[in-house]
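In this note's numbering, the protein residues as written are 976 to 1289.
Where a beta carbon is used, it is the ideal one built from N, C-alpha and C, also for glycine.
Right under this line is the structure:
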């Protein structure tokens, strides 16, 4: 029997949209999420396209403030960083968190805004996938703590040894985002976990089966999902629209075609999430679309969490 774990995405982007730079609020949200029973705390990455607090610096503070939950990036864009520096930061964070780190990674969704972010940092957008793959290989070697030389398409270095090393010899687990055949093959080949957000549960079940068939070792199947909890479905839909369109600078109808999201009563939200659990999801990363995240956390913990099938299935 496989247990299901539930995580909370810290509202770094939501806070930035409001022009609120008080990062202490995010630390308090992390403490509150820990107190009401979440298993993991997550932070997103987008320095320019959807600006917000840096996820690794924020999670370093959260590691100390909330000593129980796992910590994760949802998701980090390694193509924007050099793998030596990124491996060093992640190893240090993993040590601060006493081995609780999960590194969610993605290549970057192909939109004009994402491409502009790569252009500003002087990284060719067309190379983002190959840079992701090469970075994973380089970081795993660097995390060994041995003397490492690396010669790749994008990165070339000699005689590098990192300290500290991560808590685990193999480094923190890497969960990869993505759907479609190339991405699923990449998850099976390089990932320790899978963190997608497909809006169709049938697609999730199908893709999970593909990964299970291709992967040489078990892969943790996760889910990134957005919830707007309100008893009135129409009001929930209006609040979801406001949140999504501020967050992504795109119409709700466009975003919901590619992302899993729900707006409505808590009991219905639990039933929706249970459908993904029945399809194999074993770690839910929940983004709450809300003006008051403290109240939304309480509502989720009181009215959704008890209804989830956290025992999973065999």
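Check: Simplified DSSP state of residue 1041, which is helix, strand or coil; Outcome: coil
Check: C-beta atoms of residue 1018 and residue 983 nearer than 8 Å; Outcome: no
Check: For residue 1149, three-class secondary structure by DSSP; Outcome: strand
Check: Residue 1070 vs residue 1041 beta-carbon contact at 8 Å; Outcome: no
Check: Residue from 1063, 1034, 1227 and 1022 whose Cα sits closest to the Cα of residue 1083; Outcome: 1022
Check: Inter-residue spacing [alpha-carbon to alpha-carbon] between residue 1015 and residue 1260; Outcome: 8 Å
Check: Which of helix, strand or coil DSSP assigns to residue 1134; Outcome: strand
Check: Helix, strand or coil at residue 1247 [DSSP, three-state]; Outcome: helix
Check: Spatial distance of residue 1279 from residue 1118 (CA atoms); Outcome: 38 Å
Check: Minimum length 4: unbroken alpha helix (DSSP H) runs contained in the stretch 1173 to 1219; Outcome: 1176 to 1189
Check: Identity of the residue in 1205, 1068, 1102 and 1013 nearest residue 1142 by Cα; Outcome: 1068
Check: Cβ contact (3+ pairs, closer than 8 Å) linking the stretch 1127 to 1138 and the stretch 1151 to 1167; Outcome: no
Check: Proximity winner among 1266, 1276, 1134 and 1114, relative to residue 1060 (alpha-carbon distances); Outcome: 1114
Check: Nearest to residue 1080 (by Cα), restricted to the options 1056, 1048 and 1129; Outcome: 1048
Check: Minimum C-alpha distance to residue 993 - residue among 1034, 1036, 1265 and 1039; Outcome: 1265
Check: Distance CB(residue 1078)-CB(residue 1147) smaller than 8 Å; Outcome: yes
Check: Three or more C-beta pairs below 8 Å linking the stretch 1212 to 1230 and the stretch 1240 to 1252; Outcome: no
Check: Residue 1077 in three-state terms, based on DSSP; Outcome: strand
Check: Member of 1097, 1262, 1126 and 1235 whose CA lies at the smallest distance from the CA of residue 1154; Outcome: 1235
Check: Whole alpha helix (DSSP H) elements within the stretch 1088 to 1123, 4-residue minimum; Outcome: 1103 to 1117
Check: Same chain, Cβ closer than 6 Å to residue 1116, five either side skipped, listed in chain order; Outcome: 1123
Check: Assumed close pair residue 1287, residue 981 - CB separation to whole angstroms, cut-off 8 Å; Outcome: Not confirmed; about 12 Å, so no contact.
Check: Coil, strand or helix - residue 1258 by DSSP; Outcome: strand
Check: Closer than 8 Å to chain D by CB, residue 1165; Outcome: Of the protein chains in the structure, only one exists, and it is not chain D.
Check: Rounded distance between the beta-carbons of residue 988 and residue 1172, thought under 8 Å; Outcome: Between residue 988 and residue 1172 the Cβ distance is about 15 Å, and since that is not below 8 Å, they are no contact.
Check: Beta bridge counterpart(s) of residue 983 as assigned by DSSP; Outcome: 1016 and 1261
Check: Residue 1196 and residue 1255 closer than 8 Å at C-beta; Outcome: yes
Check: C-beta contact flag for residue 1211 and residue 1239 at 8 Å; Outcome: yes
Check: Bridge partners - residue 1274, DSSP secondary structure assignment; Outcome: DSSP, once it has assigned bridges, lists no residue as partnering residue 1274.
Check: Exposed unless 16 or more other CB atoms sit within 10 angstroms - verdict on residue 1087; Outcome: exposed
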